[in-house]
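Below is one structure, written out as structure tokens, with a few remarks after it.
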Amino acid sequence: MIVVHQLEKTFRSGKGQVTAVDNVSLNITNGSFTLVKGPSGCGKSTLLFTIGGMLKPSSGSVLLGDKDLYKMNERQRVAYRSNKVGYVFQSNYLIPYLTLAENILMVNKVKGVKVTMQDVEALLEDLNLSHRLHHKPSELSVGEKQRAGLARALIIQPDMILADEPTGNLDPDNANQVLEYLDAFRKQGGTVVMVTHGTSADHLADRIIIMKDGNINQIK
Ligand code: ADP
Ligand code: MG
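Positions in the sequence shown are counted from 1; adding 47 to them yields the working numbering.
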């Protein structure tokens, strides 16, 4: 379980100070599916980045068992970020000059990860992308690109997927495919925290959290 305890993140910018996440406490059970909703600017992405070990909170903690993610040393936090958590974003951030297979094999640059071409082929087959193995991102459809983004997250066999509006650019059919893969990951024991708008993922979620001005409210 991940325990988010009294988390606060404040940004200082030219316009002054913004509290993006304001005293949020939340338990994320292993194998659960959590949806986070709320208007633009309410702090959803900031919360996700903080849970993912990418953004240090101003105060409060993210506890992994008895370990505080932001009191670990950098090496341990990098290991968590790289080996335990898969990230999917609204844009897929594939490298345009590499094929899909090469994009995914890039994870081998991370210490401790060893992914073979066979692993990539098997996963891309699962994601209905076998025919795109040696294609560049520009040759993929929008839906294929997003499934490729999903493949890059899944290839490390993470414990948890953090997905920030992963269906935001997709038509309903492609959006549903992405949701089905996230659901399948969860059914194999994975944990999902997903930011989304609309109601199309509601039936998959154990819990729906609404954020407003950095605060959370659970509605399901
Ligand atoms: P959401 O994902 O819900 O749209 P964000 O978490 O991206 O919201 O942002 C929450 C608030 O924090 C917004 O007011 C945003 O402008 C501000 N914010 C986010 N990141 C930064 C940053 N790096 N520097 C300054 N302000 C930021
Ligand atoms: Mg956001």
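Ideal Cβ placement from N, Cα and C applies to all residues, glycine included.
As the structure is a prediction and not an experimental result, all values here were calculated from the model.
Problem - Separation of asparagine 130 from leucine 111, as counted between CA atoms - result: Here residue 111 corresponds to residue number 64 of the sequence shown, with the count starting at 1. Here residue 130 corresponds to residue number 83 of the sequence shown, with the count starting at 1. Straight through space, the alpha carbons of asparagine 130 and leucine 111 are spaced by roughly 14 Å.
Handout entry: 7 Å Cβ shell around histidine 52 - same chain, five flanking residues per side excluded
Key = The residue given as residue 52 occupies position 5 in the sequence shown. The answer, listed in chain order, is Ser72, Gly107, Ser108, Leu110.
Exercise for the section: Would you check if the distance between the CB atom of alanine 195 and the CB atom of glutamate 168 is smaller than 9 Å? Expected result: Stepping through the sequence shown from its first residue, residue 195 is reached at position 148. Stepping through the sequence shown from its first residue, residue 168 is reached at position 121. Going by C-beta atoms, alanine 195 is not nearer than 9 Å to glutamate 168.
Problem - Exposure of aspartate 211, with buried meaning 16 or more beta-carbon neighbours within 10 Å - result: Within the sequence shown, numbered from 1, the residue matching residue 211 stands at position 164. Burial call: buried.
Practice task
Quick one: residues with CB closer than 5 Å to any heavy atom of ligand 1, in chain order, please.
Solution key: The set of residues whose C-beta lies within less than 5 Å of a heavy atom of ligand 1 reads, in chain order, Phe58, Ser60, Val65, Ala67, Ser87, Gly88, Cys89, Gly90, Lys91, Ser92, Thr93.
Practice task
Compute the distance between the beta-carbons of glycine 78 and arginine 233, then report whether it is under 9 Å.
Solution key: Residue numbering aside, residue 78 sits at position 31 when the sequence shown is read from its first letter. Residue numbering aside, residue 233 sits at position 186 when the sequence shown is read from its first letter. Cβ distance < 9 Å, so glycine 78 and arginine 233 count as in contact.
Practice task
Report yes if the CB atom of aspartate 173 is closer than 9 Å to the CB atom of phenylalanine 80, and no otherwise.
Solution key: Here residue 173 corresponds to residue number 126 of the sequence shown, with the count starting at 1. Here residue 80 corresponds to residue number 33 of the sequence shown, with the count starting at 1. Cβ atoms of aspartate 173 and phenylalanine 80: not closer than 9 Å.
Practice task
For threonine 238, I'd like the list of residues in its chain whose CB is within less than 7 Å of its CB, leaving aside the five on either flank, ordered along the chain.
Solution key: Here residue 238 refers to the residue found at position 191 of the sequence shown. The answer, listed in chain order, is Ile75, Asn77, Gly78, Ser79, Asp206, Met207.
Exercise for the section: Say whether the stretch 78-97 touches the stretch 241-250, bearing in mind that this needs 3 or more beta-carbon pairs closer than 8 Å, one atom from each stretch. Expected result: Yes, since at least three Cβ pairs between the stretch 78-97 and the stretch 241-250 fall closer than 8 Å, the two stretches touch.
Practice task
May I ask you to check if the CB of valine 240 is nearer than 8 Å to at least one heavy atom of ligand 2?
Solution key: Against the sequence shown, residue 240 aligns to sequence position 193. False, no ligand heavy atom lies under 8 Å from that Cβ.
Problem - Whether serine 188 touches asparagine 223 by CB criterion (9 Å) - result: Numbered from 1 along the sequence shown, position 141 holds the residue referred to as residue 188. Numbered from 1 along the sequence shown, position 176 holds the residue referred to as residue 223. Their beta carbons are not under 9 Å apart, which means serine 188 does not touch asparagine 223 by this criterion.
Handout entry: Residue from Asp218, Ile98, Leu226 with nearest C-alpha to valine 50
Key = Within the sequence shown, the letter at position 3 stands for residue 50. If we check each option's Cα against that of valine 50, Ile98 comes out closest.
Practice task
Check whether the Cβ atoms of proline 213 and glutamine 137 lie closer than 9 Å to each other.
Solution key: If you number the sequence shown from 1, residue 213 lands on position 166. If you number the sequence shown from 1, residue 137 lands on position 90. In this structure, the beta-carbon distance from proline 213 to glutamine 137 falls below 9 Å.
Handout entry: beta-carbon aspartate 220 near ligand 2 non-hydrogen atom, thresh 8 Å
Key = Your numbering for residue 220 matches position 173 in the sequence shown. For ligand 2, not one heavy atom lies less than 8 Å from the Cβ of aspartate 220.
Problem - Separation of methionine 258 from glutamine 265, as counted between CA atoms - result: Counting from 1 along the sequence shown, the entry for residue 265 is found at position 218. Counting from 1 along the sequence shown, the entry for residue 258 is found at position 211. Their backbone Cα atoms lie some 9 Å apart in a straight line.
Problem - Segment limits, beta strand (DSSP E) that includes glycine 133 - result: Residue numbering aside, residue 133 sits at position 86 when the sequence shown is read from its first letter. It spans 132-135 - the beta strand (DSSP E) in which glycine 133 sits, taken as one unbroken run.
Problem - lysine 156 classed as buried or exposed, judged by whether at least 16 other C-beta atoms fall within 10 angstroms - result: Locating residue 156 in the sequence shown gives position 109, where the first residue counts as 1. Exposed is the call here.
Practice task
Would you mind giving the Cβ-Cβ distance between leucine 251 and leucine 226, rounded to the nearest angstrom? I have them listed as a contact below 8 Å.
Solution key: On the sequence shown, position 204 is the one that residue 251 refers to. On the sequence shown, position 179 is the one that residue 226 refers to. Right, their Cβ atoms sit about 6 Å apart.
Exercise for the section: Use the C-beta contact count for threonine 93: other C-beta atoms within 10 angstroms, 16 or more gives buried, fewer gives exposed. Expected result: Residue numbering aside, residue 93 sits at position 46 when the sequence shown is read from its first letter. Burial call: buried.
Practice task
Could you say which of His182, Asn120, Gln64, His178 lies nearest to leucine 141 if we only look at CA atoms?
Solution key: Looking up residue 141 in the sequence shown gives position 94. Of the candidates His182, Asn120, Gln64, His178, His182 places its Cα closest to the Cα of leucine 141.
Handout entry: Beta-carbon contacts of glycine 63 that lie in its chain and below 7 Å, excluding the five residues immediately before and after
Key = Start at 1 with the first residue of the sequence shown, and residue 63 comes out as number 16. Non-local beta-carbon contacts of glycine 63 in its own chain, meaning distances under 7 Å to residues more than five positions away in sequence, are absent.
Practice task
Using 10 angstroms around the beta-carbon of asparagine 175, count the other beta-carbons present and answer buried if the total reaches 16, otherwise exposed.
Solution key: Along the sequence shown, read from residue 1 onward, the residue named residue 175 stands at position 128. Asparagine 175 comes out exposed.
Handout entry: Cα-Cα separation between histidine 178 and glutamate 186, rounded to whole angstroms
Key = Counting from one through the sequence shown, the residue named residue 178 turns up at place 131. Counting from one through the sequence shown, the residue named residue 186 turns up at place 139. Their backbone Cα atoms lie some 11 Å apart in a straight line.
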